[in-house]
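The sequence shown lines up with residues 1 to 1231 when you count with UniProt numbering. Built from N, CA and C at the ideal position, the CB exists for glycine as well. For reference, the structure is listed below as structure tokens.
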Amino acid sequence: MTSAFKIRLLLFILTIGFAATAISVHFNFDKGQILESDARTIEQNLQKKERFVKSFLNNKANFKALQSIHKNPARAAELIKDFRDKRSIYLHTYYNEQLVFWGANRIVPTTDAGLKEGSNRLKTRNGWYEAIRKSEGPFSVVCIIPIKAEYPFQNRYLKNSFAPDLIEENNLDIAGLNDKKVYNIKNSEGHFILSVKLKSSVINSFYSKLELWMIALTVLFMTIFVNQVSTFMASRGHIKSAIGLFALYFLILKIASVEFPVFSSYFNLSLFDPRHYSGGYFFRSLGDFLLTTIAMSWLLCFFYSYRKKITLASHPIPDKAGAVIFIALGVVIYAIANQQSDIFYQLIVNSNINFNLTNILYLDIYSWIGILLMCIGAFNLYLLLEIFLALGAGLPLSNNQKLKIFLISIGVILLAQAISGTFAVYTLLFSIIVFIKGWAFYTDNKAYNYLIFVLVVLLFSIIASIKLSSFQYIKERDHRQVIAYRLESADDPNAVLLFFSLEQEILKDNFVKEYFKAGSKDRSSLKDKLRKLYFDGYLSRYEFDVHTYFPGQESTSPDSAEIRIFRNFVLAGSIKVSENFYRINNTFGYQHYFAIIPVREGEQVLGTLLLTLKSATVKNPREVPEVLVDNKMYVDKDLQNYSFAFYLNGLLLNQNGTYIYNLVNNDFKGKDNSFVFMEKNGYNHLIYKPNSKKVIVVSQPVTTWIMKLGSVSFLFLVMIVLSVVILGIHQVWLVIHDENFKLTAHKLAHIFSRKRILYSTRIQASLVSAIILTLLIVGVITYISISRQFRQQLQEDAVKQIDQITTGIEKNQIFKEGSLADNEDALHSFADINATDLNLFDLQGKLIYTTQNKIYENGFVEPKMNAFAYIFLNKFQRSEFINTEQVGRMKFISAYKPLRNSRNETIAYLSLPYFSNETDYDQRIGQYLNTIINVYALVLVAITLFAIFLANQITYPLILVSKSLSEIRIGSRNEPIRWNSNDEIGTLIKEYNNMITALEESARKLARSERESAWREMAKQVAHEIKNPLTPLKLGVQLLEKSWREKDPNFDKKFAKFSRSFIEQIESLALIASEFSNFAKLPDAPLENIDLIEVIEKSVDSFRLNGHTIPFEFTEKPLIVNGSKDHLLRIFNNLVQNAIEAIPEEREKKIVIRLYPQNRQVHIEVEDNGNGISEELREKIFNANFTTKTSGTGLGLAFVKQAVENMLGSIHFTTEPGKGTIFHIDLPLTS
């Protein structure tokens, strides 16, 4: 059993084992185990926190210190850091059941009156908690441990999940009273806390992960197993069958994955979700695309490893057919390149994946996978090009012919594109790649040229950047047209979504009912109340107004005209968007909604509420925090990157964004009901005219060449990294497949020393690596420094803004006497004017006013000041403070400043929450990163080229010495190297010159000794060969002498018989003398240019005269070689004669001579159908004096080998016992 078979058997066993494990897990998987396992994890971690809290509170010193914690700000700050920030435990203290100190504002009970001693379960608007209370007299401490968050809605910052320090998985939910399969979580004392249950769809469990890993490992090891089987087939000469088997395996695997999409349906992996991307049968998702591309890469790598051993045909190909095949190969590679371009067009244009490389921080995991797919696609195209070049090498075409065909074909393609107006730069660039690789392959296909590698990667990066830019351009234009349609429609789906819940809440609101019951006329208080409760957050972008009508006053009220107008709108066909809300038709540049809501109590109608919402501008200057945006709401973040304007009758109606539009439309002349694009003032404008009076303009900054260069640099770096990874994987693959490989301590050294690395390559790699390492270090340090500066700048901006607002408020007459609670309109005006959010807290840290009321109303945090900020402002008396805060998972900075009245007394604390600071930070740092990448990529390219030049300059003397060493010929004159510098290289060259002088002397002595030895050996052989025929001559003479003396009557007959025998023996002696004479004169034969085909035909004709049929196949004529005509004729006479003698008499003789050019050489095959050569004779077949025949000198094949090598050629044979032998000769062509 061979080692290779053992490896294949092991791979097969592993494949079966992993598959069996996956099947076993799938069918024996019990969800109850997940429930018990995850619930136990929560319970254990919760009890661990309980024990810490109880241990802390039971310590008398700690408990005593907590009684005065509100008077010890330094200790309070440390406590908050330890409990809230490090352990996620919220500590509050109470005196006489009233809050004295709070350690966090996520949950702050104003009193602990309802809590018993020890453990308590709390359910609030934002989640479930365990509260541990300990009291002593009127003083008590409550420590609250978060268990599970529950919010009114969810988004990227608000997740209804268990606390991450309790459990990471999200398989469980809080159980209800009617749920049966539950697990009761208990505290450390064994008392019930709450029950949990499994969610309806459990996908993120240990067992599902185990099953997924088992399936992945099954496929991986099965693929390696098939790879090994295919390699075994290829090693036996069945290369095409091996490639076909491997391709068939991947095809079956792909069809199975499409028909049974377990990754998307069973495991619910987002990578395989077709909502991100779907591109047909084989590319149903981004994950399918990735797996298919990797499989294709694996198959092409296998094909690539045997590319030089594959022939297009088993028989010689005619010249014209070779040209047609070469053109066909080119057509196929260009067709595949275009097909791959179409596939990536679908990926970029027909997906929601972001491929904008101008800010890499906005690239998500799907974007990176898409970019990786583009780079792997380029790698696959490179492999395919190498394979096709290797196939083209076997065609009967010279390099000049191939070059002419290539240039003519490319010229025709480019000319056709130019005539048809479809000229594409990437076609020219890809042609340059083909030319570079073809030139490197056909001129020096064994050399690894670092410069060519860099140039090819750079060209692929440019092509990918051009394609990406053009596809993004198409996608962006389509998206901009959708935006224009949406701007025209005057509909807001997010507002409509909110209307459904909002109108029901208003009808149930007791405040509204009491307003009508009391017959109140204070409409402003109702408006403020409704705005705070229902028209804050997203709806704050609308101008909101309210009108009230008591029963019977709809026609007599001063506002009766309003309700009649809106009821007429209903009759005129206003669109009903919910039960009570309508959208007014024919609005342009804004949205206008209204609601007529009858307020009832039972069957009694208390009055009518008229609500109007009108967007004066499309976008409110004060952004809604992302934490308030429900996942169900559509948020088009791309809209922030556009400017747009509405023109009505040629006059500017509304505008938004950074572009400054003219008041009169003199620039944007579109066509009715069509889209027109134009560029002006550095912007690309989309002009859409719904009709002759209305114009919508959507504008975006033009992509500059600097930005395009940035994408080239980025893709170049990604491709370089991918290339290094692939080369590393390839090297490791070669090492672990080496039979001598052992897992020793020096295995890394074995990996990197397995192949000799050229000195020039080491210089290049060392120089480039040093530069890259330096750039990385400088880049990281610069990035950290710039990041800190950016964050510091954001903090300074926040402080500057809050200073301005504070100054404005303090100077305002309304606030001079400390009147704050009744001046919300003024505070709102300050917030709107400064386009920022504001919070106002009283001296006890209680919220007075906020611009984002929904954050507190929905219970995301309590209406209390951040504990840390309160300590620093109230206790440490800081004049300003910057604090990092958190709502859900959204972190942001807040600037705090005390407000003082005219008597310089602090009357409140103003907070400016900078909700968008992370977004601003990402934008700034993203722009900087893009700049760094662009610069570093250009520096890397320049350094690489410089490293190649420098390495070539440094290694030139070594190349010179290496070339001279390779040209050393013993017995001939070797020229010394001239070197003027007296340096290390000069010393080396001096030693070389001394060496060749000594070598020439040694060669003369060796030649003399070898000649003497050879002649002694030759003399022995000649004596032995002459002695064989002399013995029968001597015996015959003796017999004739005896017959003569005895007067034998048959003397005449005997004389005639012995005479014939003597002549044969004399001819044998002459043949022996001739053979030895020719072999001795072999090196001295003069060389000349000879037509090889004429020589072979002359040899074949001589054998045909003796009745032998010998087909001679060749593809082109003439084929000129440099050699001796006599020696060539004897070479083929010997080979053909040996072939004839190797075929048994009873077998029909089949001898074929084939000849075809190949890479500046001519390849000759002499094939017979004899018995073949046995294994024990194969090593001796070319030895002098060795023969398998009873007669012969044994010099025939020795002469052939020596004569071929004298012509700088080579000879070898392939044989199969019982089927025949093929002798292969390669001779260099002179033309």
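- For F588, the secondary structure class from DSSP, reduced to helix, strand or coil, is coil.
- Across the set F435, K308, E150 and F471, the C-alpha of F471 shows the shortest separation from the C-alpha of N356.
- Here F1223 is bridged, per DSSP, to V1166 and F1213.
- Close CB contacts of L403 within its chain, under the 6 angstroms cut and outside five residues either way in sequence, are absent.
- L715 and S465 do touch by the CB rule: their CB atoms are close to 6 angstroms apart, below 8 angstroms.
- Here the C-alpha atom of D837 lies approximately 24 angstroms from the C-alpha atom of D492.
- Under the three-state reduction of DSSP output, N656 falls in the strand class.
- Straight-line spacing of the CA atoms in P863 and P138 works out to 25 angstroms.
- Per the coordinates, the alpha-carbon of Q154 lies some 15 angstroms from the alpha-carbon of G537.
- The closest CA to that of I462, considering only Y450, F430, Q481 and T443, is found on F430.
- Your pair M222 and T21 does not check out as a contact, with CB atoms roughly 14 angstroms apart and the cut at 8 angstroms.
- Under the 8 angstroms Cβ criterion, the region 1162-1171 counts as touching the region 1218-1231, having at least three qualifying pairs.
- If the five residues before and after L46 are omitted, its C-beta is found closer than 8 angstroms to the C-beta atoms of E130, I145, I147, L166, I185, N187 and I193, all from its own chain and listed in chain order.
- When secondary structure is reduced to three states using DSSP, F63 falls in the helix class.
- Assigned with DSSP and collapsed to three states, K159 falls in coil, not helix or strand.
- Just so you know, the alpha carbons of E810 and N901 end up roughly 6 angstroms apart.
- Of all alpha-carbon atoms in V1121, T1115 and K1219, the one lying nearest the alpha-carbon of K320 is that of T1115.
- Straight-line spacing of the CA atoms in N993 and T1109 works out to 57 angstroms.
- The alpha-carbon of V780 is positioned some 14 angstroms away from that of I771.
- In chain order, L1087, I1090 and M1207 place their CB closer than 7 angstroms to the CB of G1123, counting only its own chain and leaving out the 5 sequence neighbours on each side.
- Each residue's CA atom was taken as its position, placing G438 and F283 some 32 angstroms apart.
- Two segments are said to touch when three or more pairs of C-beta atoms, one from each, lie closer than 8 angstroms; by this definition the region 67-87 does not touch the region 119-133.
- Here the C-alpha atom of L212 lies approximately 18 angstroms from the C-alpha atom of I294.
- Within its own chain, the residues whose Cβ lies closer than 7 angstroms to the Cβ of L290, once the five positions on either side in sequence are excluded, are I369 and L373, listed in chain order.
- Beta bridge pairing from DSSP links V1121 with I1090 and L1229.
- The continuous beta strand (DSSP E) containing Y849 extends over residues L847 to T850.
- Around the beta carbon of R1160, fewer than 16 other beta carbons lie within 10 angstroms, which makes this residue exposed.
- Residue state for S674 is assigned as coil, using DSSP reduced to three classes.
- With distances taken between CA atoms, N494 lies nearest to N631 out of N631, S916, E1175 and E43.
- Just measuring C-alpha positions, the residue of G552, H592, V1037 and I805 sitting nearest F544 is H592.
- Just measuring C-alpha positions, the residue of I933, N858, L847 and G421 sitting nearest L910 is L847.
- Counting along the chain, no beta strand (DSSP E) covers I462; the unbroken alpha helix (DSSP H) around it starts and ends at Y450 to S489.
- Judged by beta-carbon spacing, V698 lies beyond the 8 angstroms limit of F646, meaning their Cβ atoms are not closer than that value.
- Three or more Cβ pairs closer than 8 angstroms define a contact, and the region 1092-1099 meets that threshold against the region 1128-1135.
- Proximity of the region 513-523 to the region 652-660 falls short of the contact definition, fewer than three beta-carbon pairs being nearer than 8 angstroms.
- The C-beta distance from Y183 to V196 rounds to 5 angstroms, short enough to fall under 8 angstroms.
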